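Colleague: Heads up, the sequence shown is in the numbering used here, so the first residue is 2 and it goes up one at a time. Note that CB positions come from ideal geometry on N, CA and C, so glycine has one too. As the structure is a computational prediction, the values presented were derived from the model and not from experiment. Sending over a structure as structure tokens; questions will come in a sec.
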Amino acid sequence: MSRQRTSHLVVALAAIFAVAGACPQVASAAEKYHSLYDAAFSPDGKLVAATDHTAGAVVLVDTAGNKVVRTVALNGKPTCVVWSPKGDRLYVSELGAGTVAEVDPAAGKVLRRLNVGARPAGLALSPKHNLLLATNMGLHCVSVVDLGSGKEKARVPMLNVPHGIAVTPDESLALVTNLYPFGDASKATQSGCLGVIDLKTLKKVADIKFTSGSTLMREVVCSPDGKWAYVSHTLGRFTLPTTQLDRGWVNTNAMTVVDLAKKEAYATVLLDRLTEGAADPWGLTIAKDGKTLWVTLSGVHQLGKMDLESLHLLMDGKDIPADKPTPDGTPRHLSQIWGEIKKDPNQRAQLANDLAALYGAGLLIRTRLDCNGPRGIDLAPDGKKLAIASFFTGDVVFADPDNGKVLASVPAGKQPEIDTVRRGEIAFHDARQCFQHWLSCATCHPEDARADGLNWDLLNDGIGNPKNTRSLLWSHKTPPVMSLGVRATYEVATLAGFRFILFREPDPVDVDAVQAYLRSREPDKSPHLLPDGGLSDKAKQGKKLFEDAKTGCTTCHPAPLLTDLKMYDVGTRGELDRKDAFDTPTLVELWRTGSYLHDGSAKTLQEVLIDRNKKDTHGTTSHLSKEQIDALVEYLLSL
Numbered sequence: 002m003s004r005q006r007t008s009h010l011v012v013a014l015a016a017i018f019a020v021a022g023a024c025p026q027v028a029s030a031a032e033k034y035h036s037l038y039d040a041a042f043s044p045d046g047k048l049v050a051a052t053d054h055t056a057g058a059v060v061l062v063d064t065a066g067n068k069v070v071r072t073v074a075l076n077g078k079p080t081c082v083v084w085s086p087k088g089d090r091l092y093v094s095e096l097g098a099g100t101v102a103e104v105d106p107a108a109g110k111v112l113r114r115l116n117v118g119a120r121p122a123g124l125a126l127s128p129k130h131n132l133l134l135a136t137n138m139g140l141h142c143v144s145v146v147d148l149g150s151g152k153e154k155a156r157v158p159m160l161n162v163p164h165g166i167a168v169t170p171d172e173s174l175a176l177v178t179n180l181y182p183f184g185d186a187s188k189a190t191q192s193g194c195l196g197v198i199d200l201k202t203l204k205k206v207a208d209i210k211f212t213s214g215s216t217l218m219r220e221v222v223c224s225p226d227g228k229w230a231y232v233s234h235t236l237g238r239f240t241l242p243t244t245q246l247d248r249g250w251v252n253t254n255a256m257t258v259v260d261l262a263k264k265e266a267y268a269t270v271l272l273d274r275l276t277e278g279a280a281d282p283w284g285l286t287i288a289k290d291g292k293t294l295w296v297t298l299s300g301v302h303q304l305g306k307m308d309l310e311s312l313h314l315l316m317d318g319k320d321i322p323a324d325k326p327t328p329d330g331t332p333r334h335l336s337q338i339w340g341e342i343k344k345d346p347n348q349r350a351q352l353a354n355d356l357a358a359l360y361g362a363g364l365l366i367r368t369r370l371d372c373n374g375p376r377g378i379d380l381a382p383d384g385k386k387l388a389i390a391s392f393f394t395g396d397v398v399f400a401d402p403d404n405g406k407v408l409a410s411v412p413a414g415k416q417p418e419i420d421t422v423r424r425g426e427i428a429f430h431d432a433r434q435c436f437q438h439w440l441s442c443a444t445c446h447p448e449d450a451r452a453d454g455l456n457w458d459l460l461n462d463g464i465g466n467p468k469n470t471r472s473l474l475w476s477h478k479t480p481p482v483m484s485l486g487v488r489a490t491y492e493v494a495t496l497a498g499f500r501f502i503l504f505r506e507p508d509p510v511d512v513d514a515v516q517a518y519l520r521s522r523e524p525d526k527s528p529h530l531l532p533d534g535g536l537s538d539k540a541k542q543g544k545k546l547f548e549d550a551k552t553g554c555t556t557c558h559p560a561p562l563l564t565d566l567k568m569y570d571v572g573t574r575g576e577l578d579r580k581d582a583f584d585t586p587t588l589v590e591l592w593r594t595g596s597y598l599h600d601g602s603a604k605t606l607q608e609v610l611i612d613r614n615k616k617d618t619h620g621t622t623s624h625l626s627k628e629q630i631d632a633l634v635e636y637l638l639s640l
């Protein structure tokens, strides 16, 4: 479990109880679950391409007959999919393989693979420049590929785990979401940013900072006129102690509107209701006229339909026409914030704290979907149908864009009988049995139980001393749990998570399933390794330094766990801490766990080893040159 925020670890799940009969403990090794991650209509609307993340394929669904007509096997874990303008090519990111597959949808075969670096996720095309752009979550950059030659033209650095990407209608800019914040997590201003790339120069020209606490920035879409961008994300209230969940005290779920001309966040609006969270917003799609937007709410298995036209009127201090009805026919109840914005446009910033602003005004309608874990979403070219990728049921769900009614569900294939690990994975991502549905375990531990990049003030070690979320990887192997070791084992921490973060008394079935899921997690290959899995020459130099008795790194971080499971004072106590000694974390997957230290106050490993280690209490590194420090860091990032 998380050394720090294990409390968020366990969300009980209605889906667990929906499985009839006894479950086998282990699924057949030959069987693979179908888990759809993204969906996109072909330009003519006749097909939907959906990525099957766990089965390693892209499926093509006939939208007239509601059936799978072709399945193309791919490498790695397919994530995002985009169509070429003519519909004669598909591009699919192959997470884990370091490539983007160019697929002929008619022939059902891969024509070529484009090398883009480890862990590609979001994709976008710029036909005018003949470019493919792929976000690289492992190396924190965007790979720009010339589609003619198939070669990389550039890698544009981003801040922290770029995920979603969109190209503006005039193809002048690419907009990139950073999944996590980058910076000193101990600061109250910690927040994620939207990166902006100039497609002429292939240089980043801006990092647009969002409201403090913004993280899990999944997807971004542009308005058809190119004036606005919309980003889905969570909004953690990390400066408050986790004493309650009511009214979004701990976590809220949001969409930020970005002014592209000014390159600044215009407003952040909450997708939640007063007493019901909209946990884990994910996919976005927008109507051709720019008046309506749809968002998948993955943690609560819902579809949100937003009246963008009226939203922009209110944000501009104008009135919605009296004769314009709300989508569901209910009266509008404008909260006080809209009147304040009329008087002072700067009051738009307060929308991030108003749970009644959207639903009271009738701007957002939420509909329950008959699926589990909706993620990617697309609107048909004729605007008459939505296609939604359902991750845990493995279906392409077609829904009516007007009322959200499910029209058809097309399975990618036959699902194996669910086992305990899969049940735990489903539970981990489900917010429905969290009190008022504000969050799931994956809200704070995304990407298969890793970390959200924020500090949280949990009450298991007193109030007023927040600490950084930790990855749950190998938590069952590395007790005690939490930075101060206040939970003896991850089993103890799991129970505490149910009771003190989700505010419910857990069922043993839930606990066992989530624990099984966490035990099944294994480290991902570091993107800093060579293609053959070996160390670079620089990392080999760093390995020698790591193992050198003079530095003392292996004293506290011995193989194979890369932790000795003990507490030490390494000179990193902050002004809010009440103790000097902290639990030694494993260094496994150090490449994906920044910011660093127990309070997330070090942005880079260089900062840990130089600026935060002047007395050599955190390993003896003061005698190392800059080149040696860089080599040591290269090795650490390769673990």
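With a floor of 4 residues, list each alpha helix (DSSP H) that falls wholly inside the stretch 314-361, ordered by position along the chain.
Modeller: 337-344 and 358-361
Colleague: Could you name the residues that DSSP lists as bridge partners for P121?
Modeller: On the sequence shown, residue 121 is found 120 positions in, with the first residue counted as 1. As DSSP reads the structure, P121 sits in a beta bridge with N137.
Colleague: Please report the distance separating the alpha-carbon of L285 from that of E576.
Modeller: Within the sequence shown, numbered from 1, the residue matching residue 285 stands at position 284. Within the sequence shown, numbered from 1, the residue matching residue 576 stands at position 575. One C-alpha to the other measures close to 41 Å.
Colleague: N347: buried (16+ other C-beta within 10 angstroms of its C-beta) or exposed?
Modeller: Walking along the sequence shown from the start, residue 347 turns up at place 346. Exposed, because fewer than 16 other Cβ atoms sit within 10 Å of the Cβ of N347.
Colleague: From G395 to P507, what distance separates their C-alpha atoms?
Modeller: Counting from one through the sequence shown, the residue named residue 395 turns up at place 394. Counting from one through the sequence shown, the residue named residue 507 turns up at place 506. Whole-angstrom Cα-Cα distance: 27 Å.
Colleague: I366 to Q542, Cα distance in whole Å?
Modeller: Here residue 366 corresponds to residue number 365 of the sequence shown, with the count starting at 1. Here residue 542 corresponds to residue number 541 of the sequence shown, with the count starting at 1. Taking the straight line joining both Cα atoms gives about 57 Å.
Colleague: Starting from the Cα of A514, find the closest Cα among L563, L195, Y597 and R423 and give me that residue.
Modeller: For the purposes of this step, residue 514 is identified with residue 513 of the sequence shown, where counting begins at 1. Cα-wise, what sits closest to A514 is R423.
Colleague: Ordered along the chain, which non-local residues of its own chain (more than five positions away) have a Cβ less than 8 Å from that of A413?
Modeller: As a working mapping, residue 413 is identified with position 412 in the sequence shown. H35, L37, A51, D53, A56, A58, V60, V69, T72, G395, D396 and V397, listed in sequence order.
Colleague: Can you tell me the Cα-Cα spacing of T594 and R333, whole angstroms?
Modeller: Position 593 of the sequence shown holds residue 594. Position 332 of the sequence shown holds residue 333. Note on geometry: alpha-carbon atoms of T594 and R333 lie some 45 Å from one another.
Colleague: At 3 residues or longer, and completely inside the stretch 187-213: list those beta strand (DSSP E) runs for me, N to C.
Modeller: 194-199 and 204-210
Colleague: Going by DSSP, what residue range makes up the beta strand (DSSP E) through F501?
Modeller: The residue given as residue 501 occupies position 500 in the sequence shown. Run containing F501: none in the beta strand (DSSP E); it sits in the alpha helix (DSSP H), Y491 to F501.
Colleague: Using alpha carbons as the reference points, say which of R613, K615, N614 and G535 lies closest to E635.
Modeller: In the sequence shown, counting from the first residue as 1, residue 635 sits at position 634. E635 has its Cα closest to that of G535, out of R613, K615, N614 and G535.
Colleague: Let me make sure I understand the geometry here. Which of H558, L606, A603 and T202 has the alpha-carbon closest to that of D584?
Modeller: The residue you call residue 584 lines up with position 583 of the sequence shown. Here the closest residue by C-alpha is H558.
Colleague: Report, in whole angstroms, the separation of the C-beta atoms of R522 and D449, which I expect to be a contact under 8 Å.
Modeller: Here residue 522 refers to the residue found at position 521 when the sequence shown is read from its first residue. Here residue 449 refers to the residue found at position 448 when the sequence shown is read from its first residue. With 8 Å as the limit, R522 and D449 qualify as a contact, their Cβ atoms being about 6 Å apart.
Colleague: Quick one: what's W229 bridged to in DSSP?
Modeller: The sequence position of residue 229 within the sequence shown is 228, counting from 1. Bridge partners of W229: D260.
Colleague: Which value, in whole angstroms, describes the spacing of the CA atoms of H529 and S639?
Modeller: Position 528 of the sequence shown, counting from 1, holds the residue named residue 529. Position 638 of the sequence shown, counting from 1, holds the residue named residue 639. Going from the Cα of H529 to the Cα of S639 covers about 5 Å.
Colleague: Specify the secondary structure class of H477 as computed by DSSP and reduced to three states.
Modeller: Residue 477 sits at position 476 when you count from the first residue of the sequence shown. Here H477 sits in coil by DSSP.
Colleague: Have a look at the DSSP bridge pairing and note the partners of T367.
Modeller: Counting from 1 along the sequence shown, the entry for residue 367 is found at position 366. The residue asked about is misnamed: residue 367 is Arg in this sequence, not Thr. DSSP output for R367 lists G305 as bridge partner(s).
Colleague: Buried or exposed for K580, please, with buried defined as at least 16 other CB atoms from any protein chain shown within 10 angstroms of its CB.
Modeller: In the sequence shown, the residue the question calls residue 580 occupies position 579. So K580 counts as exposed.
Colleague: Specify the secondary structure class of S29 as computed by DSSP and reduced to three states.
Modeller: For the purposes of this step, residue 29 is taken as residue 28 along the sequence shown, with counting starting at 1. Any reading at S29 must be qualified, since the residue scores a pLDDT of 43, below 50, and its modelled position is unreliable; the value itself is stated next. Correct three-state label for S29: coil.
Colleague: I'd like to know whether the C-beta atoms of V93 and P79 end up nearer to each other than 7 Å.
Modeller: What you label residue 93 is simply residue 92 of the sequence shown in a count that begins at 1. What you label residue 79 is simply residue 78 of the sequence shown in a count that begins at 1. Yes; because the gap between Cβ atoms is below 7 Å, this pair is in contact.
Colleague: So, with DSSP's three-state summary, where would you put V515?
Modeller: Within the sequence shown, numbered from 1, the residue matching residue 515 stands at position 514. Helix.
Colleague: Got a sec? Which residues, its chain only, sit under 6 Å from T190 by beta carbon, not counting five neighbours each side?
Modeller: Here residue 190 is taken as the residue at index 189 of the sequence shown, counted from 1. Contacts found: S213.
Colleague: Note the first and the last residue of the continuous alpha helix (DSSP H) segment covering G374.
Modeller: By one-based count along the sequence shown, residue 374 stands at place 373. No alpha helix (DSSP H) contains G374, which DSSP labels as neither H nor E.
Colleague: Classify V222 as buried or exposed, calling it buried when 16 or more other Cβ atoms lie within 10 Å of its own Cβ.
Modeller: Your numbering for residue 222 matches position 221 in the sequence shown. Answer is buried; the Cβ neighbour count reaches 16.
Colleague: With DSSP collapsed to three states, give me the class of R113.
Modeller: Against the sequence shown, residue 113 aligns to sequence position 112. Looking at R113 - three-state DSSP - the assignment turns out to be strand.
Colleague: On the criterion of 16 or more Cβ atoms from any shown chain inside 10 Å, does A135 qualify as buried, or is it exposed?
Modeller: The count along the sequence shown starts at 1 and reaches residue 135 at position 134. With 16 or more other Cβ atoms within 10 Å, it is buried.
Colleague: Taking the alpha helix (DSSP H) that I427 falls in, what are its first and last residues?
Modeller: Taking the first residue of the sequence shown as position 1, residue 427 is located at position 426. It spans T421 to F429 - the alpha helix (DSSP H) in which I427 sits, taken as one unbroken run.
Colleague: Taking DSSP as the reference, what is the three-state secondary structure of V609?
Modeller: The count along the sequence shown starts at 1 and reaches residue 609 at position 608. Here V609 sits in helix by DSSP.
Colleague: Going by CA-CA distance only, name the one from F42, P121, L531 and A560 that's closest to G88.
Modeller: By 1-based counting over the sequence shown, the position of residue 88 is 87. Closest option to G88, Cα to Cα, is F42.
Colleague: On the CB-based measure, 16 or more other CB atoms within 10 Å of its CB, does V301 come out buried or exposed?
Modeller: Taking the first residue of the sequence shown as 1, we reach residue 301 at position 300. Label assigned to V301: buried.
Colleague: Are S224 and G318 close, meaning C-beta to C-beta below 7 Å?
Modeller: As a working mapping, residue 224 is identified with position 223 in the sequence shown. As a working mapping, residue 318 is identified with position 317 in the sequence shown. Not in contact: S224 and G318 (Cβ atoms no closer than 7 Å).
Colleague: One question on the structure: do I198 and K205 come within less than 7 Å of each other, judged by their Cβ atoms?
Modeller: As a working mapping, residue 198 is identified with position 197 in the sequence shown. As a working mapping, residue 205 is identified with position 204 in the sequence shown. In contact: I198 and K205 (Cβ atoms closer than 7 Å).
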